[in-house]
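Counted the way this note's numbering counts, the sequence shown spans residues 3 to 264. Built from N, CA and C at the ideal position, the CB exists for glycine as well. Step one of this worksheet: look at the structure below.
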Amino acid sequence: MDAQYNRNFRRPLILAHRGASQQAPENTMTAFRLAAKMGADGIELDVQLCKDGEAVVIHNFTVDETTSGSGRVKDFTLAEIQSLDAGSWYGPEFAGERIPTLAQVLHELGPRLMLNIELKAPTLRSDGLEAEAVRLVEDANMVHRVTISSFNLATLWRIHRLNRHLSTGLLYAPDQPRHLRDRWLQPLVRPNALHPRWDMIDKQAIAAAHRQGLAVNPWTCNEPEAMLRLISWGVDAIITDHPDLLYNLLHITESGEKRDKH
Ligand code: G3P
Ligand code: MG
Numbered sequence: 003m004d005a006q007y008n009r010n011f012r013r014p015l016i017l018a019h020r021g022a023s024q025q026a027p028e029n030t031m032t033a034f035r036l037a038a039k040m041g042a043d044g045i046e047l048d049v050q051l052c053k054d055g056e057a058v059v060i061h062n063f064t065v066d067e068t069t070s071g072s073g074r075v076k077d078f079t080l081a082e083i084q085s086l087d088a089g090s091w092y093g094p095e096f097a098g099e100r101i102p103t104l105a106q107v108l109h110e111l112g113p114r115l116m117l118n119i120e121l122k123a124p125t126l127r128s129d130g131l132e133a134e135a136v137r138l139v140e141d142a143n144m145v146h147r148v149t150i151s152s153f154n155l156a157t158l159w160r161i162h163r164l165n166r167h168l169s170t171g172l173l174y175a176p177d178q179p180r181h182l183r184d185r186w187l188q189p190l191v192r193p194n195a196l197h198p199r200w201d202m203i204d205k206q207a208i209a210a211a212h213r214q215g216l217a218v219n220p221w222t223c224n225e226p227e228a229m230l231r232l233i234s235w236g237v238d239a240i241i242t243d244h245p246d247l248l249y250n251l252l253h254i255t256e257s258g259e260k261r262d263k264h
């Protein structure tokens, strides 16, 4: 999913943020399958390790907000965390939804979707998340269809050391400390792509990144006007909670050229 990969496309890739997370509970298999149905090229998903070292798909460091349980992800075994209901908080029709493992997502959705795996690593010290993610991606034969992204520079540095063929995306946001949001340390991790918050870039910045061989994949853009602007500036992917909306916009901007949904 790096700049080179996207040269095969004449439009930005549609990456569904946490799956089709406006219409299904985020980071669940239902949200991911729905994104594929809506015409997404890929999904963004958040990954961290639980107590027994399994890579699980959840955004927050606690389960409180998106499941029936309470407590820190890293204090649950896989069996315990998968016994929680990860759908009812969103709507009764999603009752019984489970927190997926990264392995499950890679095996079921890897063949049809590109994956932007965001590693949620809160400290510079590793808990083993990078090695586990790389092992799973390699086992699933997905090295060339995955981008590993993170706000954590040490995480991206470790990914490069583990497998230099894996594409990496450097995430940054306006509320980070200056040295992170201005990417002063970027040369240390040599990412393949920049993943800025969508309102941190303009046409010039995108062109400059492209001249350096970097893809630009902004997140999380949900407004049609902003999407159209990013499309006209030539971004490589747009990470959105509304893959269906972006799909329709791309149809219009490509004068109705038909793309098959998955
Ligand atoms: O990967 C883009 C975006 O997901 C980063 O922020 O908090 O939604 O994981 P967050
Ligand atoms: Mg994320």
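Leu80 and Leu104 have their C-alpha atoms roughly 12 Å apart. For Ile60, the three-state secondary structure derived from DSSP is coil. If you look at Leu15, you'll find it in the beta strand (DSSP E) that goes 15–19. These are the residues, in chain order, with a beta carbon less than 5 Å from any non-hydrogen atom of ligand 2: Asp48, Glu120.
By the neighbour-count criterion, in which a residue is buried when 16 or more other Cβ atoms sit within 10 angstroms of its Cβ, Ile254 is exposed. Under the three-state reduction of DSSP, Val237 is assigned to coil, being neither helix nor strand.
Taking non-hydrogen atoms of ligand 1 into account, the C-beta of Leu173 is found less than 7 Å away from one of them.
By the CB criterion at 8 Å, Asn143 and Ser169 fall outside the cutoff. When rounded, the separation of the alpha-carbon atoms in Arg100 and Asp87 is 6 Å.
The residue from Met31, Val75, His212 with its alpha-carbon nearest to that of Glu110 is Met31.
Under the three-state reduction of DSSP output, Asp204 falls in the coil class, being neither helix nor strand.
For Trp221, the pairing in a beta bridge is given by DSSP as Arg199. CA-to-CA, the gap between Leu196 and Pro220 works out to about 8 Å. Arg74 has Thr64 as its beta-bridge partners, per DSSP.
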